[in-house]
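Undergrad: To start, I am sharing the structure in question, which I have written as structure tokens.
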Amino acid sequence: MQLNKETIKKLERLKAEAEAKISAARADILKYITLDPKYSVIIDPSYREEAKSISETMFALRQESVKLEKLIDAVKEAARTLDVGNFEFGAERMRYVSSIATNDQTLKQGVIKGVLSREKCANLEAAITEAESKLKKHDEVTAPLVARLDAIPDFPLPAPQR
Numbered sequence: 003m004q005l006n007k008e009t010i011k012k013l014e015r016l017k018a019e020a021e022a023k024i025s026a027a028r029a030d031i032l033k034y035i036t037l038d039p040k041y042s043v044i045i046d047p048s049y050r051e052e053a054k055s056i057s058e059t060m061f062a063l064r065q066e067s068v069k070l071e072k073l074i075d076a077v078k079e080a081a082r083t084l085d086v087g088n089f090e091f092g093a094e095r096m097r098y099v100s101s102i103a104t105n106d107q108t109l110k111q112g113v114i115k116g117v118l119s120r121e122k123c124a125n126l127e128a129a130i131t132e133a134e135s136k137l138k139k140h141d142e143v144t145a146p147l148v149a150r151l152d153a154i155p156d157f158p159l160p161a162p163q164r
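According to this note's numbering, the residues represented by the sequence shown are 3 to 164, in order.
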């Protein structure tokens, strides 16, 4: 899976699933709880272990939901930082790699054939340097996101290739 708009959709779906499980767990735990006239919570003694287990599950699901929300925010912030439209990080990265390769090839061929002016060589070198700088920034911003996404079960992202 690439780091793109589908990533956001999947994260949002996982978050919604966690929240749905929290709601279901809340409904389950309410089966075992009653309130006395003084509004004290009473848990049926025969179901205390089950209620405790459900409560622990709810806590873990809440933590997962918060983690996913933070990750969604981080991906959106990365898109703003890198000015990547539609969360197409992979396409943007490939554009930089392609620009570097194309300009480098043009520069090498032009120098070999002796048909490039100094100004054209300088422009190509500047374009290569700029693309390399953008690629480096892109990788610095996206690498932590990819690592965090890889930590989510069934959410593998391929390692960036150059």
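For each residue, glycine too, the CB sits at the ideal point set by N, CA and C. On a predicted model such as this, the values are computed, not experimentally measured, just so you know.
Rounded to whole angstroms, what's the CA-CA distance from I124 to L70? Just pull it up for me.
TA: Residue mapping note: residue 124 aligns to position 122 of the sequence shown, counting from 1. Residue mapping note: residue 70 aligns to position 68 of the sequence shown, counting from 1. The residue asked about is misnamed: residue 124 is Ala in this sequence, not Ile. If you take the alpha carbons of A124 and L70, they lie about 46 Å apart.
Undergrad: Unbroken alpha helix (DSSP H) runs of length 4 or more, entirely within the segment 47-108: which are they?
TA: Fully enclosed alpha helix (DSSP H) runs of 4 or longer: 50-84.
Undergrad: What separation, rounded to the nearest whole angstrom, lies between the Cα atoms of K72 and A62?
TA: As a working note, residue 72 is residue 70 in the sequence shown. As a working note, residue 62 is residue 60 in the sequence shown. So the alpha carbons of these two residues sit roughly 15 Å apart.
Undergrad: For V117, name the three-state secondary structure that DSSP assigns.
TA: Counting from one through the sequence shown, the residue named residue 117 turns up at place 115. In this structure, V117 counts as coil in the three-state DSSP scheme.
Undergrad: Here's the rule I'm using: 16 or more other beta-carbon atoms within 10 Å means buried, otherwise exposed. How should L37 be labelled?
TA: Along the sequence shown, one-based indexing puts residue 37 at 35. Result: exposed.
Undergrad: Do you know offhand how far P47's Cα is from D85's?
TA: The residue given as residue 47 occupies position 45 in the sequence shown. The residue given as residue 85 occupies position 83 in the sequence shown. Those two C-alpha atoms are separated by around 57 Å.
Undergrad: Quick check on V148: buried or exposed, where buried means 16 or more other Cβ atoms within 10 Å of its Cβ?
TA: As a first step, residue 148 is located in the sequence shown; it is residue number 146 there, counting from the start. Buried, since its Cβ has 16 or more Cβ neighbours within 10 Å.
Undergrad: Based on the DSSP output, what are the partners of I44 in its beta bridges?
TA: Within the sequence shown, residue 44 is the residue found at index 42, counting from 1. In DSSP, I44 forms a bridge with T36.
Undergrad: For the segment 104-115 and the segment 134-153, state whether three or more C-beta atom pairs, one from each stretch, are separated by less than 8 Å.
TA: Judged by Cβ distances under 8 Å, the segment 104-115 makes no contact with the segment 134-153, as fewer than three pairs qualify.
Undergrad: Select from T83, G87, S55, E21 the residue whose C-alpha is nearest the C-alpha of R64.
TA: As a first step, residue 64 is located in the sequence shown; it is residue number 62 there, counting from the start. Closest by alpha carbon: E21.
Undergrad: Give me the Cβ distance between Y34 and E52, rounded to the nearest whole Å; I'm assuming they're in contact under 8 Å.
TA: The residue labelled residue 34 in the question sits at position 32 within the sequence shown. The residue labelled residue 52 in the question sits at position 50 within the sequence shown. At roughly 7 Å, the Cβ-Cβ gap stays under 8 Å, so Y34 and E52 are in contact.
Undergrad: Are there 16 or more other CB atoms within 10 angstroms of the CB of T83, so buried, or fewer, so exposed?
TA: Position 81 of the sequence shown, counted from the first residue, corresponds to residue 83. Label assigned to T83: exposed.
Undergrad: Between T9 and L137, how many whole angstroms is the CB-CB distance? I'm expecting something under 8 Å.
TA: Locating residue 9 in the sequence shown gives position 7, counting from the first residue. Locating residue 137 in the sequence shown gives position 135, counting from the first residue. T9 to L137, Cβ: 20 Å. No contact.
Undergrad: Are the beta-carbon atoms belonging to M60 and I24 less than 7 Å from one another?
TA: As a position in the sequence shown, residue 60 is number 58, starting the count at 1. As a position in the sequence shown, residue 24 is number 22, starting the count at 1. In contact: M60 and I24 (Cβ atoms closer than 7 Å).
Undergrad: Taking 6 Å as the limit between beta carbons, can you name the residues of its chain near C81, skipping five residues before and five after?
TA: Taking the sequence shown and counting its residues from 1, the one referred to as residue 81 is at position 79. The sequence shown places Ala at residue 81, rather than the Cys named in the question. Closer than 6 Å at the Cβ level, and outside the excluded window around A81, lie F89.
Undergrad: Let me confirm a value: E94 is counted as buried when at least 16 other C-beta atoms fall within 10 Å, else exposed. Which label applies?
TA: Start at 1 with the first residue of the sequence shown, and residue 94 comes out as number 92. Answer is buried; the Cβ neighbour count reaches 16.
Undergrad: Counting C-beta neighbours from all protein chains within 10 Å, is the total for A133 16 or more, i.e. buried, or is it exposed?
TA: For this step, residue 133 is matched to residue 131 along the sequence shown. With 16 or more other Cβ atoms within 10 Å, it is buried.
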